[in-house]
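Below is one structure, written out as structure tokens; comments come after it.
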Amino acid sequence: MHHLVIDRWSRGSSSLHQRDPRAKLAALLVFLVVLSTTRPGAQWAFVAYAVLLILTANLARLPILGLASRAALVLPFSATFALLTWWSGDSLRALALAEKSFLSGTAALLLVGTTPLTGWTAALESWRVPRMLILVIQFVYRYLFVIAEQVQRMRWAALCRGPKQRGFRLAAGLVGVLFARSWQRADGIYHAMLARGFRGRFVPAPPAPFRSSDALFLSTCLAGCLAIRMLL
Amino acid sequence: MSRVIQIAGLRYRYPDGTQALDGIDFHLNSGESVALFGANGSGKTTFVLHLNGLLRGEGSIEICGMRLADGTLEQIRSKVGVVFQDSDEQLFMPTVLEDVAFGPLNLGLSPDDALTRARTVLKRVGMAHAFERAPYHLSAGEKKRVAIAGVLAMDPEILVLDEPTTFLDPPTRRDLLSLLRSLPQAKVVVTHDANLARALTSRAVFFDQGRITGQGDVIEIIQRFHWEYS
């Protein structure tokens, strides 16, 4: 599963992995803002952004092709809008749309591939992102694995009873059962939380100190992004 | 020997009308371990969910001398540690250390103290190597150990174990058993496993359709209700 690979990546030990998640999250936001405001015809700027991402991935010791193939998962969605734009006669904007979504996806993957979930959700928390939203992200991520395993087991069980079973009826049955089981599991998790004294509020962890090396990293990213944006 | 659990006339009906518990009288002494036997759906799990007020039925429940009521719920939940059958439901935090520290933080310990206690308990259950690991990367036996650590970190007087050996292979089962035997708390063990009950408990209670239909020495109950595979 893709998220298993990314989870493994996030536990690396490169210098980028060691940067404060707040610095990496801020750098990502800067990159996304700069990228989204780049004019559609600035092809050299897109090339420069791609080079910047490749250098960063190299620094993080992440496989470039692995990153690119996962980031390409966003392309079917953006390609739909790109095609519509192309048909309306604006081919430059259509190309830029696909490029921007691919580069955005790669940058976001670089963040989650170099920062464990606990790190970037703690960074969001320190920025006063609503706690409930962070909890939902953490729970979805945590139980994605359990639900994915459950889907796999149910699929195998269905295939054992008829190798040619597929299609809408099987999928609908699996989704229905999965929903009921997820509901039961949510109930069980809530019971387990109450049993350990939960009173509706998670106790936050104290924030780690922001070091000068993190500030230097953020400044370098900021300078690089702005230079590309203004010069190319 | 002091009573840590005293229950009289406990009844509980689920919203769909099923009478899950129908007049349960039960007691547990300090340091004692008791096995709960009974067929699936006989009311064992519903019963243990009452021990720390997760379900609230009619009747009287006293835990460590405190009557279970809204005002005593928090204290009682710190006295009764429940280890659920499915560890995946119990391990919900992103890392093992954070998960074990979850209970102590809710008890009001400072983050530093909670983490120190979590580390101590994890070492005790043999999981010192897994502080920063994600719960979904653990094996079934490791998950069970961490789930037990999460409960022990709250320093309970009573441990409730719902089918603790389900999904575990024989060596892991053996390791878990020796861990459980080393814990001094009073234990309520819901199980179908007669070997586990014999090794861990001295007394057994047999549930049938929401009632206790037999209780006494664990070996006698196993024989009386033919509670073995062969």
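Sequence order for the protein chains is W and P. Under the numbering used here, the first residue of the first sequence is numbered 1, with each subsequent residue one higher. Under the numbering used here, the first residue of the second sequence is numbered 1, with each subsequent residue one higher. Heads up, the beta-carbon is just placed ideally off N, CA and C, and yes, glycines get one too.
**OP:** Taking all protein chains shown into account, decide if residue 98 of chain P is buried (16 or more other Cβ within 10 angstroms of its Cβ) or exposed.
**Re:** buried
**OP:** Kindly list, in the order they appear in chain W, the residues whose Cβ is closer than 8 Å to that of residue 77 of chain P.
**Re:** Counting only Cβ-Cβ distances below 8 Å, residue 77 of chain P has contacts in chain W at 194, 195, 196 and 197, in chain order.
Original post:
According to DSSP, is residue 14 of chain P helix, strand or coil?
Top reply: coil
Original post:
List, in order along the chain, the chain P residues whose C-beta lies closer than 7 Å to that of residue 80 of chain W?
Top reply: Those within 7 Å of residue 80 of chain W in chain P number zero; the least Cβ separation is about 33 Å.
**OP:** Using a cut-off of 8 Å between C-beta atoms, extract the partners of residue 154 of chain P located in chain W.
**Re:** 196 and 197
Original post:
Hey, how far is the Cα of residue 27 of chain P from the Cα of residue 198 of chain W?
Top reply: 27 Å
Original post:
Is the Cβ of residue 1 of chain W closer than 8 Å to any Cβ of chain P?
Top reply: Only weak support is given to the placement of residue 1 of chain W: the predicted model assigns it a pLDDT of 45, under 50, and the value that follows is read from those uncertain coordinates. With 8 Å as the cut-off, residue 1 of chain W does not count as an interface residue toward chain P.
Original post:
Are the C-beta of residue 140 of chain W and some C-beta of chain P separated by less than 8 Å?
Top reply: no
**OP:** Output, in sequence order along the chain, the residues in the region 101-118 of chain W whose CB is closer than 7 Å to any CB in chain B.
**Re:** As a matter of chain content, chain B is missing from the structure shown, whose protein chains are W and P.
Original post:
residue 190 of chain P: beta carbon under 7 Å from a heavy atom of the ligand HEM?
Top reply: Looking at this structure, you won't find the ligand HEM or any other ligand, since it has none at all.
**OP:** Give a yes or no on whether the minimum CB-CB distance between residue 231 of chain P and chain W is below 8 Å.
**Re:** Past the edges of chain P, shown from 1 to 230, lies residue 231 of chain P, and the structure says nothing about it.
Original post:
Skipping 5 residues on each side, what residues in its chain have a beta carbon closer than 8 Å to that of residue 29 of chain P?
Top reply: If we look at residue 29 of chain P and ignore the five residues flanking it on each side, its Cβ neighbours are 1, 2, 3, 4 and 186.
Subject >> Own chain residues within Cβ distance below 6 Å of residue 16 of chain W, not counting five before or after >> reply: 59, 60 and 114
Original post:
Which value, in whole angstroms, describes the spacing of the CA atoms of residue 87 of chain P and residue 38 of chain W?
Top reply: 49 Å
Original post:
Taking the alpha-carbon positions, what's the residue 190 of chain P to residue 47 of chain P distance?
Top reply: Rounded to the nearest angstrom, the two C-alpha atoms are 10 Å apart.
**OP:** Throw me the rounded Cβ distance for the residue 82 of chain P and residue 151 of chain P pair, which I believe falls under 8 Å.
**Re:** 7 Å
Original post:
Between the C-alpha atoms of residue 1 of chain W and residue 122 of chain P, what's the straight-line distance to the nearest angstrom?
Top reply: Per-residue confidence for residue 1 of chain W stands at a pLDDT of 45, beneath the threshold of 50, marking its modelled position as unreliable; no derived number is given.
**OP:** For residue 117 of chain W, collect the residues of the same chain with a Cβ closer than 6 Å to its Cβ; drop the 5 residues on either side in sequence, then sort them by chain order.
**Re:** 141
**OP:** Confirm, please, whether the CB-CB distance from residue 82 of chain W to residue 98 of chain W is below 8 Å.
**Re:** yes
**OP:** Could you spell out where the beta strand (DSSP E) holding residue 204 of chain P opens and where it closes?
**Re:** 203-208
**OP:** Determine contact between the region 186-198 of chain W and the region 5-24 of chain W, defined as no fewer than three beta-carbon pairs at a distance below 8 Å.
**Re:** no
Original post:
Where do the ends of the beta strand (DSSP E) carrying residue 62 of chain P lie?
Top reply: 58-63
**OP:** Could you check what DSSP says for residue 52 of chain P in three-state terms: helix, strand or coil?
**Re:** coil
Original post:
Three-state secondary structure (DSSP) at residue 1 of chain W?
Top reply: Confidence in residue 1 of chain W is poor, its pLDDT being 45 and thus under 50, which makes the residue's placement unreliable; the coordinate value appears in the next sentence. Coil, per DSSP.
**OP:** Could I get the ranges of all uninterrupted alpha helix (DSSP H) runs contained in the region 75-158 of chain P, with 4 residues as the minimum, in chain order?
**Re:** Listed in chain order, they are 87-90, 96-106, 111-124 and 140-152.
Subject >> Unbroken stretches of the beta strand (DSSP E), 3 residues or longer, contained in the region 77-101 of chain W >> reply: none
Original post:
In the structure shown, what three-state DSSP assignment does residue 211 of chain P receive?
Top reply: In the structure shown, residue 211 of chain P sits in a strand (DSSP, three-state: E or B).
Original post:
What number of angstroms, rounded off, separates the C-alpha of residue 42 of chain P from the C-alpha of residue 6 of chain P?
Top reply: 20 Å
**OP:** Could you round the C-beta distance between residue 79 of chain P and residue 63 of chain P to whole angstroms and report it? I think they count as a contact, below 8 Å.
**Re:** 6 Å
Subject >> Residue(s) in a DSSP beta bridge with residue 160 of chain P >> reply: Answer is P:82 and P:188.
Subject >> Per-residue contacts from residue 188 of chain W into chain P (C-beta, under 8 Å) >> reply: 84, 86 and 89
Subject >> Sub-8 Å separation of residue 103 of chain W and residue 50 of chain W beta-carbons >> reply: yes
**OP:** Please list the partners that residue 20 of chain W has in chain P, where partner means a Cβ-to-Cβ separation under 9 Å.
**Re:** By Cβ distance, chain P contributes nothing, its closest Cβ being about 17 Å from residue 20 of chain W, past 9 Å.
Subject >> Residues near residue 212 of chain P by beta carbon distance below 8 Å, same chain, minus five either side >> reply: 24, 25, 26, 205 and 206
**OP:** Rounded to whole angstroms, what's the CA-CA distance from residue 157 of chain P to residue 75 of chain P? Just pull it up for me.
**Re:** One C-alpha to the other measures close to 11 Å.
**OP:** Give me the Cβ distance between residue 153 of chain P and residue 104 of chain P, rounded to the nearest whole Å; I'm assuming they're in contact under 8 Å.
**Re:** 5 Å
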